[in-house]
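To convert, count from 1 in the sequence shown and add 7; that's our numbering. Encoded as structure tokens, the structure appears first; notes follow it.
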Amino acid sequence: MMEKLRLSDDEWRRRLSPEEYAVLREHGTEAPWDGCFLETHEPGTYVCAGCGNPLFRSGEKFESGSGWPSFTHPVSANAISNHEDHAYGVIRTEVRCARCEGHLGHVFPDGPPPTGLRYCINSVSMKHVPEGAPIPLVVE
Ligand code: FE
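What follows is the structure, given as structure tokens:
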């Protein structure tokens, strides 16, 4: 079981940019084709922009054509948590960081093999850590 990072709303507002706060803490969505990681192919790990929790490996990233960074699977099953989302009259599966509960995006069952899953993730909810660099885990 992952140790959670729990911060007050005030603390999140202090630590996050307005754009990060809107996505991670208010379930916002960045505009398609606008995210900073759409064209990123550098080897490394995408970590949560809120808490530094490793989320996705660069090798699992693929071109989905959706306008958002897309991955076939997370670094581990317990890195993220899935939640049923009924917004906009459709049932989707929301994906959150398992450590800080930050909203990341959604997962859809139309991805490529081997998982058949497409993790559709907001760039602003992640930071890219180059291969070999230390993971900057955020603590209280
Ligand atoms: Fe997090």
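Built from N, CA and C at the ideal position, the CB exists for glycine as well. All values derive from a computational prediction rather than experimental measurement.
Among residues of its own chain, excluding the 5 on either side of residue i, which ones have a beta-carbon nearer than 6 angstroms to its beta-carbon?
{"i": "GLY139", "result": "none"}
{"i": "LYS134", "result": "VAL54, ALA56"}
{"i": "GLY51", "result": "SER65, HIS135, VAL136, PRO137, GLU138"}
{"i": "LEU144", "result": "GLY59"}
{"i": "PRO39", "result": "GLY74"}
Which residues mark the beginning and the end of the beta strand (DSSP E) in which residue i is found?
{"i": "LEU124", "result": "From DSSP, LEU124 is part of no beta strand (DSSP E); its letter is neither H nor E."}
{"i": "PRO61", "result": "61 to 64"}
{"i": "GLY51", "result": "51 to 55"}
In the DSSP assignment, the alpha helix (DSSP H) including residue i goes from what residue to what residue?
{"i": "LEU31", "result": "25 to 31"}
Among all the DSSP beta bridges, which residues are the ones paired with residue i?
{"i": "PRO143", "result": "According to DSSP, which records beta bridges pairwise, PRO143 is partnered with nothing at all."}
{"i": "ARG13", "result": "For ARG13, which the question treats as bridged, DSSP gives no partner whatsoever."}
{"i": "PRO137", "result": "GLY51"}
Whose C-beta lies closer than 7 angstroms to the C-beta of residue i among residues of the same chain, with five residues either side of it excluded?
{"i": "GLY35", "result": "ALA29"}
{"i": "GLY123", "result": "PRO116"}
{"i": "ARG99", "result": "ASP92, HIS113"}
{"i": "LEU31", "result": "LEU23, ALA56, GLY57, GLY109, HIS110, SER132"}
Indicate, with yes or no, if the ligand GDP has a heavy atom lying under 7 angstroms from the CB of residue i.
{"i": "PHE63", "result": "No copy of the ligand GDP appears in this structure; the ligands present are the ligand FE."}
Beta-carbon within less than 8 angstroms of residue i's beta-carbon, same chain only, minus the 5 sequence neighbours each way: which residues are those?
{"i": "LEU45", "result": "GLY74, TRP75, PRO76, SER130"}
{"i": "VAL82", "result": "THR52, PRO61, LEU62, PHE63, ARG64"}
Within the region 69 to 135, ranges of the beta strand (DSSP E) (whole runs, at least 3 residues): Segments of the beta strand (DSSP E) lying fully in the region 69 to 135: 87 to 92, 99 to 104, 110 to 115, 125 to 128.
Lining residues of the ligand FE - beta-carbon closer than 6 angstroms to any non-hydrogen atom, in sequence order: For the ligand FE, the selected residues are CYS55, GLY57, CYS58, ASN60, CYS104, ARG106, CYS107, GLY109.
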